[in-house]
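Shown next, in structure tokens, is the structure this report addresses.
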Amino acid sequence: MISEPAKKTAAQCRHYAMCKIDFLGTGLCPSGQTKHYVSYYPQGRMDIYHALANNLIPVTQGLIDIARSCTLCGICDKQCHFVTGLRPMKVMRALKEHVESYLEENGEIKGAKEDPILDRLQGIVGEEWATKDPATLVAYANDPFPLTDMKMPRCVVLPRTRDEVVEIVQLSRRESIPYVVRGNGGSVYGAVFTDGIVIDTNRMKGIEIDQDNWTVTAQAGVTSYDLQQEVSKHGFRVNVAEPAATVCGNLVCTGIFSTWSSAYGIGADNLIDAEFVDAEGRIFHLNEKSAPNLFAFKKEVSPAPGICTQAVIPLHPVTEDEEGILIPFSSFDQALAFARNLSKRRIGLAIAVLGNHYLSTFMSPSADLAKRSKKVLQDTLGIQYTVFVIGDRYARDAIKRMTTVAIDNRALRMLMLGLPRLLDGEWIDLIEGFESDKQPFEIFCREGMVPILEAILRPSVETFSSAVDEDLKDFYRQLYSRPEMTDMVWLNSFRIVSSRMARHKHVLPFLVYVPLDRVEVIQGILSELARVADLYGIEHEYGFLTPLDLGKRGILEYDYYIDQTDEMEKEKVRRAMAVIEPFLDDLARKTKGVMGFKYVFSQGCSRKEGFLYL
Amino acid sequence: MTGGTGFIGSHIAAELARKGYRLYLLARSGRQLAGHERVEQLLDWLEVSPPDLSKYRVVEGSLEEPHLGLGRAGCDELLEEIDEVIHCASSTSFSERKRAEVEAANIRGLQNVLEVAAKSRCHYLHYLSTAYVAGKNGGPCREELVETDQFTNVYEETKCRGEKMTARICAEEGIRLNIYRPSIVYGNSQTGKSLAFRGLYYPIRTVLFLKDLYETDIREHGGKRAKEMGVSREADGSLHLPIRLEAHQEGGINLIPIDYFLEAFMAIREECLEGGVFHIVNDKLKRIEELIGYTQRMFHIRGIRACYAEDFEKVPRNGLEILFDSYLEAYGPYIRDSRIFDNKKAESILRKRNITCPDFDFDIFSRCMRYALDSGWGSRLLKKRQ
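Line by line, the protein sequences are chains C and Y.
Those letters in the first sequence? Residues 310 to 923, per the working numbering, in order.
Those letters in the second sequence? Residues 4 to 389, per the working numbering, in order.
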């Protein structure tokens with residue numbers, strides 16, 4: 310019997326694959342670590358339960374094994390709650406109960422179909438590492454992207470070496486079977502599905518650091534989080550993005566854009582070399598003269614150039630005096646001008662103009678607290694946008710001379726750990742009663758006010774964790790006792806809170822490269838995206854903007870939020886996209902510096918000059 | 004009448020009802036209550052008796068819309084009924100960043116009211132202004148229209164512009180005009196009752212918030228944060244809050260209670276047949292030092308003191324002082340005011356009726372603050388809709 314609460318939770322899985330990285334120090338799902346297939350991770354079990362509930366898959370031996378291999382350790386509850394507010398343990402439990410009761414009732418266990426292709430894949434990678442069990446296939450068949458339908462693959466295969474990848478590709482070509490390569494599937498753009506072979510790189514975990522040469526080589530299955538962890542042990546940083554995304558996949562697909570791109574660049578800036586297996590099964594390296602010229606950019610929707618099996622990326626130095634700083638503004642234009650100025654002057658390593666949705670979401674341990682604190686930031690304190698910067702002490706000193714109010718890391722820690730009390734009625738009444746030409750934040754966020762705010766907010770891990778479910782309070786208390794959890798440098802390097810932006814609903818991001826010196830163009834894009842969202846009744850928010858290339862260009866994200874289980878919402882997005890795509894294409898045709906991300910997708914190795922200036 | 008749900012307007016409306024006048028109150032719907040519900044709540048608070056209530060008709064509309072948001076037909080119907088207009092509605096925000104909102108209420112809203120008055124049978128119009136249209140003029144401020152473009156804030160500026168616009172239109176239309184210019188109005192001097200708790204009340208409320216904050220810190224958390232700010236408990240149990248407030252050698256705050264204002268308004272309205280401008284003010288200013296003394300005495304606080312600018316050069320402001328300094332930026336011109344408001348015209352009427360303004364002494368202060376505290380600074384004043 311299907312549990313309705315479990316079914317509802319399972320349907321909401323965001324597919325960000327955060328359960329595949331140990332981002333909270335809880336450890337990982339034990340079965341996922343050993344079995345590697347997505348189906349053995351909590352994300353996979355959510356999909357399996359959802360599929361069972363909708364009669365999409367039969368009960369197979371593989372499904373039984375997946376259900377029974379869950380130890381109900383509870384790690385997924387902590388990880389998932391941190392990111393999405395969901396509690397997947399009820400799904401894990403429901404899956405086990407469903408399987409056991411099915412077996413007690415002598416339910417039929419479906420066998421896997423014979424498939425010579427599977428046999429040959431198993432011949433390449435070993436019997437354990439290729440399968441066509443539906444319980445595993447379904448975990449590779451879908452994601453929350455509203456405009457694609459589910460696609461069950463024929464087989465899933467997990468190679469461990471480049472040569473195994475070569476053999477798989479050659480087999481696919483000979484047999485005319487389509488394939489896709491999948492890192493962790495965190496793009497959630499419906500791009501990694503096929504009815505052919507899914508090549509999951511999860512077993513390709515090699516990392517090799519060459520300190521003398523300032524490089525690190527990462528294989529295809531290495532995630533951003535794991536790579537950053539590894540290099541930071543040696544005192545370095547790499548420019549990587551979403552923590553659960555595989556570095557190679559992310560590089561090829563997106564060119565890696567992040568707030569660090571202000572300093573570290575995008576596209577080919579992030580690559581020293583890369584190894585590919587092309588569609589013929591041939592190996593090439595980026596820097597070979599005879600290789601396809603992946604540094605060139607062409608303005609067209611392009612397929613991936615091949616499977617990137619490893620990448621050599623630059624290591625960046627870190628100074629011990631780096632800290633984060635936030636500069637609040639009451640208008641977008643002011644925030645943009647400030648961020649651009651910093652970029653022009655080479656002040657700061659990471660720079661972004663954040664909206665209140667992002668800021669409140671990053672700070673808050675629950676969606677409810679995020680919603681209420683967003684209102685306070687905006688309506689009570691008058692903060693509409695915030696410029697976020699990571700910089701050394703010289704950069705921060707310069708910034709403090711350029712502005713009257715700056716929230717340093719001490720103040721941010723205070724705000725985060727005291728957040729539930731920031732929303733206290735008496736304190737809000739006091740701020741709202743303040744009569745001044747200045748915005749309230751210009752007074753209340755001044756450095757001299759910090760001791761008073763500390764007395765009001767009484768920041769502590771106890772205060773902070775009062776906002777979460779009772780059974781998780783202890784976990785959050787321990788977690789937020791760790792200094793890195795309120796450290797902007799660490800949080801921005803490891804990006805574990807940025808995945809929260811879709812906590813309350815699945816996010817559909819619109820990414821556009823923009824000319825930073827044309828604020829009216831940027832405002833026009835924001836207005837149109839907002840207008841279209843309102844027209845179709847879609848929830849929407851400004852996301853962020855990061856200046857690039859000395860403030861000449863920027864990357865802008867604007868987000869639509871949808872309930873991924875609601876067919877009506879999917880239809881709304883379909884209609885909205887039909888308006889937005891031509892708008893952005895037309896704007897890009899007429900306006901230098903505007904480039905929709907869909908053209909850059911899969912051309913991540915190209916030189917940024919190609920898509921920013923040509 | 005406009006502004007009948009505001010602090011001053013509601014008192015005027017209640018008094019007029021008691022005297023037997025028939026009133027149309029223009030009221031907007033609030034977020035929680037419809038306009039007529041808000042009016043009923045206020046009249047209940049003002050203890051207006053049921054027979055007097057029948058003299059009201061609440062007209063749900065909006066000042067800032069054409070035809071006062073009543074539609075042409077609704078507005079035309081109203082025009083037939085009006086003999087007199089009392090315009091109390093106003094935005095009292097000082098903040099330049101709210102200029103658009105303030106102009107919408109104080110200029111465009113006023114224009115809409117004057118249009119209605121001009122088209123109606125109205126022969127008498129009362130405009131509630133403020134003594135502070137005098138702007139940054141030093142010296143005596145007369146009971147006449149002001150010629151200046153130097154104002155402390157957008158509120159003063161728009162009220163001054165409003166006076167001129169009203170005077171011009173009333174002259175064109177042959178409507179007798181009274182302009183009432185009160186200084187800073189606080190609660191009832193006898194009962195302490197008030198509806199509004201900004202202005203004078205705000206810094207007291209802030210002091211009490213800080214007192215409560217640091218007393219809790221001392222009592223329950225070891226007092227570390229209090230100590231950081233130099234806050235401590237004295238031997239007599241009072242709390243030492245080290246706050247310096249910048250004062251000037253001259254000047255003080257001009258305060259009048261609502262009951263005095265109301266008496267003065269009614270008297271001037273009845274007596275003045277030729278129209279005019281009237282300052283309803285206190286002859287005595289209250290120094291900031293006195294207000295500090297009252298606050299410390301009533302709430303068992305020490306350490307707050309007035310000082311001069313040079314003191315801050317020697318010892319920079321602490322966090323508590325930054326907070327109050329920001330408050331004083333907006334209210335400073337009213338707290339350290341050295342303007343003299345000539346009120347001969349008003350006085351000539353008020354003296355006849357023995358209407359005098361009480362001194363804002365400690366008894367009145369404590370009555371008003373007690374009421375403010377008991378009402379939760381207004382949060383427990385009026386019943387919310389179920």
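Ideal Cβ positions, reconstructed from N, Cα and C, are used throughout, including at glycine.
Compare the C-alpha of residue i against each of the options and name the closest.
i                         : options                                : result
glutamine 912 of chain C  : C:His813, C:Ser807, C:Asn579           : C:Asn579
serine 13 of chain Y      : Y:Gly226, Y:Glu104, Y:Trp48            : Y:Trp48
arginine 812 of chain C   : C:Phe332, C:Gly615, C:Leu724, C:Tyr325 : C:Tyr325
proline 891 of chain C    : C:Lys907, C:Ile692, C:Tyr534           : C:Lys907
alanine 572 of chain C    : C:His407, C:Asp428, C:Ala648, C:Ser915 : C:Ala648
valine 627 of chain C     : C:Val547, C:Leu560, C:Glu848           : C:Val547
alanine 659 of chain C    : C:Leu372, C:Val497, C:Gly574           : C:Gly574
methionine 269 of chain Y : Y:Ala16, Y:Thr5, Y:Gly6, Y:Thr8        : Y:Ala16
asparagine 257 of chain Y : Y:His243, Y:Arg75, Y:Glu293            : Y:Glu293
aspartate 411 of chain Y  : Y:Thr169, Y:Gly142, Y:Arg201, Y:Ile178 : Missing from the structure shown is residue 411 of chain Y; chain Y here goes from 4 to 389 and no further.
glutamate 848 of chain C  : C:Leu838, C:Ser915, C:Leu857           : C:Leu838
Can you name, in chain order, every residue of its own chain whose Cβ lies under 6 Å from the Cβ of residue i, other than the five neighbours on each side?
i                         : result
alanine 199 of chain Y    : Phe10
alanine 707 of chain C    : Ile656
arginine 228 of chain Y   : Asp220
valine 888 of chain C     : Val841
valine 392 of chain C     : Met327, Ser808, Arg809
tryptophan 438 of chain C : Leu467
glutamate 539 of chain C  : Ile516
threonine 712 of chain C  : Ile636
Here's a check: name, in chain order, each residue in its chain whose Cβ is nearer than 7 Å to the Cβ of residue i, leaving out the five neighbours to either side.
i                         : result
glycine 447 of chain C    : The question names glycine, but residue 447 of chain C is valine in the sequence shown. Cβ neighbours of valine 447 of chain C beyond the five flanking positions: Asp356, Ile357, Ala360, Leu365, Ile366, Met461.
glutamine 299 of chain Y  : Arg305, Ile307
alanine 421 of chain C    : Thr369, Lys441, Asp442
leucine 19 of chain Y     : Leu26
asparagine 596 of chain C : Asp582
alanine 315 of chain C    : Tyr358, Lys399, Val400, Ala403
lysine 196 of chain Y     : Gly190, Tyr374
threonine 335 of chain C  : Ile384, Lys387, Gln388
arginine 429 of chain C   : Leu480
glutamine 389 of chain Y  : With a pLDDT of 36 at glutamine 389 of chain Y, under the threshold of 50, the modelled position of this residue cannot be trusted; read the value that follows with caution. Correct list: empty, nothing qualifies.
tryptophan 523 of chain C : Pro623, Leu624
Give me the Cβ distance between residue i and residue j, rounded to the nearest whole Å; I'm assuming they're in contact under 8 Å.
i                         : j                        : result
aspartate 182 of chain Y  : valine 280 of chain Y    : Per the sequence shown, residue 182 of chain Y should be read as isoleucine rather than aspartate. Their Cβ separation, rounded to whole angstroms, is 4 Å, which keeps isoleucine 182 of chain Y and valine 280 of chain Y in contact under 8 Å.
arginine 323 of chain C   : proline 453 of chain C   : 6 Å
serine 57 of chain Y      : isoleucine 85 of chain Y : Contact flag wrong, Cβ pair sits at about 19 Å.
threonine 445 of chain C  : valine 465 of chain C    : 6 Å
isoleucine 358 of chain Y : glutamate 266 of chain Y : 5 Å
alanine 776 of chain C    : proline 674 of chain C   : 5 Å
In this structure, how does DSSP classify residue i when only helix, strand and coil are distinguished?
i                         : result
proline 637 of chain C    : strand
asparagine 289 of chain C : Given a span of 310 to 923 for chain C in the structure shown, any question on residue 289 of chain C remains unanswerable.
proline 319 of chain Y    : coil
serine 481 of chain C     : helix
glycine 757 of chain C    : helix
glycine 905 of chain C    : strand
valine 540 of chain C     : helix
cysteine 389 of chain C   : helix
leucine 82 of chain Y     : helix
What are the partner residues of residue i, as DSSP defines its beta bridges?
i                        : result
aspartate 717 of chain C : C:Ile634
lysine 419 of chain C    : C:Thr369
aspartate 868 of chain C : C:Pro818, C:Glu850
leucine 857 of chain C   : C:Arg862
serine 1 of chain Y      : There is no way to answer for residue 1 of chain Y, as the model of chain Y reaches only from 4 to 389.
alanine 527 of chain C   : C:Ile516, C:Ala620
lysine 289 of chain Y    : Y:Ile256
If we cut at 8 Å on Cβ distances, does residue i have a partner in chain A?
i                      : result
alanine 715 of chain C : This model lacks chain A altogether; the protein chains it does include are C and Y.
Can you list, in chain order, the residues of its chain with a C-beta nearer than 8 Å to that of residue i? Leave out the 5 residues immediately preceding and following it.
i                         : result
arginine 883 of chain C   : Pro455, Leu456
isoleucine 740 of chain C : Thr689, Leu690, Pro749, Phe753
threonine 209 of chain Y  : Leu326, Phe327, Tyr330
Do residue i and the ligand NAD come close, with the Cβ less than 7 Å from some heavy atom?
i                      : result
arginine 21 of chain Y : Judged by which ligands are present, the structure shown has none, so any question about the ligand NAD falls away.
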